[in-house]
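Using this note's numbering, the first residue of the sequence shown is number 7, and each one after it goes up by one.
The C-beta atom is built at its ideal place from N, Cα and C for all residues, glycine as well.
Computed from a predicted model, the values in this text were never measured in an experiment.
Shown next, in structure tokens, is the structure this report addresses.
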Amino acid sequence: MNLYVHVPFCRAKCTYCALHSRGGSAAADRAAYVARLVAALPAVRRQSHDAPLTTVYFGGGSPALCDLQPLLDALRPHLAPDVEFTVELHPLDVTRETLQTLKDGGVNRISMGVQSLDDDSLTHMARGYSFSDAERAFHLVKDFFDNAGIDLIVGYPGETAALLPRHARLAKWGLTHCSVYSLILEEKSRLGKMVQHNLTLAQTIPSDEEVLNRLSVVAHFLNDLGLQRYEISSYARPGFACRHNLATWRGEDYLGLGEGAHGRIGRFRTQNWMGEDLSAFEQVSEEADRKERLLFRLRTRDGLDSSLLSGDGQAVLEQNLKAGLLTRDGAVYRLTERGTEVCDAILAELV
Ligand code: SF4
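Structure, rendered in structure tokens:
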């Protein structure tokens, strides 16, 4: 069984972010939140009849802003022997003490949100660190964890190149994984509002074509480092693909714990699960359940087996095949390079 735990606290709100997160929290609030997670855990585990956890993912937010020890202790008896246990880290949360606590608690994979290699962009994003700070933090992470990767955003306003002039240094980090996202300018984010009121800033947003070119530069850079794309935004060395994310894209069940966390158990969908504070609980139809589990395979290198589709799904796939957005190998359709750029639109047609 897979478990996602959401920890919504952040040091400050990043300009581009519209996720569920809270900046400027008090230590007591964070401790109380962790206590609520621990209290809710048994009820969440019962949803899956206490099946051992094969993947655990702490996302946020910045989970390590909290003292995670009580939650790590509570989770330990539930971990499968070969669990993949990931924690997202903000570079400023990386200390020897934190890394040791995580390692002792069973964590074996780190995902660090670096976001940009450009100091001006990092400042504008309000991330609070420089490229060199992130580099020092990542080297420290690697002292404790072999399996460590980063997230990058491409296409931030004012960005002039996705990697240069830092790529030579990044090549020495020993990345096992990299997630690369193109910036989505969310209207509700601070950046979205800034752009609406600042023409000069708006004019520095790279065009779609520039962003695609930069994504391609990053993809080639990562390929040269031995990281292969296995999902639209995800690259990994062989054997280091994120098992938690793959499980969700392949249609497996997963538990969600915490504010903003979603879960999928059979045909049930949970949201914001905090034990007694369940705010949404929905049972979807068999057809909707089947489609949801199937379609996300298109995001991955596995591809989508069309023999499992019913209705006009096959016709939609054929249209996209003719348009050069998909390839076909027997009954399995996979995205082409161009198809990855419009995957969400293809999924929307299929749904
Ligand atoms: S990007 Fe991450 S760290 Fe920044 S505000 Fe959003 S959730 Fe918090």
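Closer than 8 Å: residue i CB and nearest the ligand SF4 heavy atom
i	result
R17	yes
L25	yes
C72	no
S68	yes
H268	no
C20	yes
G119	yes
G29	yes
H130	no
H250	no
H173	no
H96	yes
Secondary structure of residue i, DSSP reduced to three states
i	result
E192	coil
Y260	strand
M280	coil
Q289	strand
Q121	strand
Y22	coil
V212	Reading the sequence as shown, one finds Pro at residue 212 and not Val. P212 falls in the coil class under three-state DSSP.
Counted within 10 angstroms of its Cβ, other Cβ atoms place residue i as buried (16 or more) or exposed
i	result
L284	The pLDDT assigned to L284 is 49, lower than 50, so where the model puts this residue is not dependable, and the model offers no usable value.
H12	buried
H130	buried
E288	exposed
H376	In this structure the chain extends from 7 to 357, so residue 376 is not present and cannot be described.
F15	buried
P212	buried
Element boundaries [alpha helix (DSSP H), containing residue i]
i	result
P14	That residue, P14, is in no alpha helix (DSSP H); it is neither H nor E in DSSP.
V147	F137 to F150
E355	C349 to L356
R82	First-last for R82: undefined, no H or E at that position.
Start and end residues, beta strand (DSSP E) containing residue i
i	result
D335	L332 to D335
Y241	S240 to A242
At least 3 beta-carbon pairs within less than 8 Å: the stretch 118 to 129 vs the stretch 148 to 168: By the criterion of at least three beta-carbon pairs nearer than 8 Å, the stretch 118 to 129 is in contact with the stretch 148 to 168.
Cβ contact (3+ pairs, closer than 8 Å) linking the stretch 246 to 254 and the stretch 290 to 300: They do not touch, by the three-pair rule.
Touch test, the stretch 195 to 215 against the stretch 15 to 31, Cβ-Cβ under 8 Å, three pairs minimum: Contact holds: three or more Cβ-Cβ distances are below 8 Å.
The stretch 88 to 98 / the stretch 56 to 69 touching (three or more Cβ pairs under 8 Å): As far as the Cβ criterion goes, the stretch 88 to 98 touches the stretch 56 to 69, which means the pair count is three or higher.
Meets three-Cβ-pair contact criterion under 8 Å: the stretch 26 to 34 and the stretch 44 to 64: In short, these stretches do not touch, since the Cβ pair count stays below three.
The stretch 183 to 192 touching the stretch 133 to 150, judged by at least three CB pairs closer than 8 Å: Fewer than three Cβ pairs drawn from the stretch 183 to 192 and the stretch 133 to 150 lie within less than 8 Å of each other, which leaves the two stretches out of contact.
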